[in-house]
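Contents: one structure, followed by commentary.
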Amino acid sequence: MYYIPRLIENNIRNYFKIHEPPYNCLLLSGVRQCGKSTLLEHLYPTNEHIHINLALESAFCDAIDNTKSFDDFTFLIETKYNYKIGEEKIIIIDEAQLSKKFGAYIRFIKEKWKIQKVIVTGSTLSDLFEDHPKPTGRIYEFILRPFNFFEFLTSLKKEVIIEKIKNWSIYLPHSETIHHEIIKLMQEYLIVRGLPEVVSTYADNKDYLGLL
């Protein structure tokens, strides 16, 4: 399945362009499999970011939880990834809620890292702040949701239908044929729903029901 543009991607891309340091830490939340990692990998190629997935790197997650201070956490990042905080790459920390300690460190990112760009993602980011105060004024939050109807249509390569919907007018109503096709696709969308992997499987005419 080719990449489907998401509605919020320009907002994420532009955040660091229109704001000056010190940067807030960006939080990108959303249900599992809604496309958070795919979106960020599209926005930031491999050579432009450091991707830390705590679900895949459980030992590193444990190492974070064993640190005693934010300075220790900084040292951990710099030594493991051979990267000096403040250089050009964006740090992406995925499934961040798996760390019991990281939530306490987010408040220091804006204060101590200043020019470092950081994006934190996860399916349950609220868990980060269960035992730590939420750092108001130091974070900026985005929510990625499953495909909406237009994104669903794009994944099915129904650009003609998208154009018809966008050009609809009360003074130029659609014909019965066009109306019927739009309703049929809406019914498909309500059945398949919007998780990218499910939609991709459906678009390829494969068995998507086992993924629901």
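Note that my numbering gives residue 155 to position 155 of the sequence shown, counting from 1, and the numbers run on in steps of one. We treat Cβ as the ideally placed atom computed from N, Cα and C, and that holds for glycine. Because the structure is a prediction, the values reported are computed rather than measured.
Helix, strand or coil at residue i according to DSSP, with G and I counted as helix
i: Val-120; result: strand
i: Glu-141; result: strand
i: Leu-128; result: helix
i: Leu-156; result: coil
i: Ser-200; result: helix
i: Leu-172; result: strand
i: Phe-150; result: helix
i: Lys-184; result: helix
i: Gly-194; result: coil
i: Leu-209; result: helix
i: Thr-230; result: Outside the displayed span of the chain (1 to 212) sits residue 230, for which this structure offers no information.
i: Lys-134; result: coil
Chain-order list of residues whose beta-carbon lies under 8 angstroms from that of residue i (same chain, five-residue window excluded)
i: Glu-48; result: Glu-88, Lys-89 and Ile-90
i: Ile-182; result: Ile-161, Lys-164, Ile-165 and His-174
i: Glu-78; result: Lys-84 and Ile-85
Short Cβ contact (9 angstroms threshold) for residue i with residue j
i: Ile-50; j: Ile-109; result: no
i: Lys-114; j: Thr-74; result: no
i: Lys-157; j: Ala-203; result: yes
i: Pro-196; j: Pro-146; result: yes
i: Phe-142; j: Leu-27; result: yes
i: Glu-95; j: Asn-53; result: yes
i: Leu-98; j: Ser-58; result: yes
i: Leu-43; j: Ile-12; result: yes
i: Leu-212; j: Val-199; result: no
i: Phe-102; j: Lys-80; result: no
Neighbourhood of residue i by C-beta distance below 7 angstroms, restricted to the same chain and skipping five residues each side
i: Arg-32; result: Ser-123
i: Ala-63; result: Leu-76
i: Leu-144; result: Arg-6, Ile-8, Leu-28, Gly-30, Cys-34, Gly-35, Lys-36 and Leu-39
i: Tyr-189; result: Phe-149 and Phe-152
Residues near residue i by beta carbon distance below 6 angstroms, same chain, minus five either side
i: Ile-4; result: Glu-151, Thr-154 and Ser-155
i: Pro-22; result: Lys-110 and Lys-114
i: Tyr-140; result: Asn-24 and Leu-26
i: Phe-16; result: Lys-117
From the options, residue whose alpha carbon lies closest to that of residue i
i: Ile-85; options: Gln-97, Gly-210, Phe-70 and Asp-94; result: Phe-70
i: Lys-100; options: Lys-68, Lys-117 and Tyr-83; result: Lys-68
i: Glu-159; options: Thr-201, Glu-176 and Leu-185; result: Leu-185
i: Arg-138; options: Trp-168, Asp-131 and Lys-117; result: Lys-117
i: Val-192; options: Glu-176, Ser-169, Gly-210 and His-180; result: Gly-210
i: Ile-215; options: Phe-129, Asp-131 and Ile-106; result: Limits of the chain in this structure are 1 at one end and 212 at the other, which puts residue 215 out of reach.
Continuous beta strand (DSSP E) assignments of at least 3 residues falling wholly in the region 5–63: 25–29 and 49–53
Continuous beta strand (DSSP E) assignments of at least 3 residues falling wholly in the region 62–122: 90–94 and 118–122
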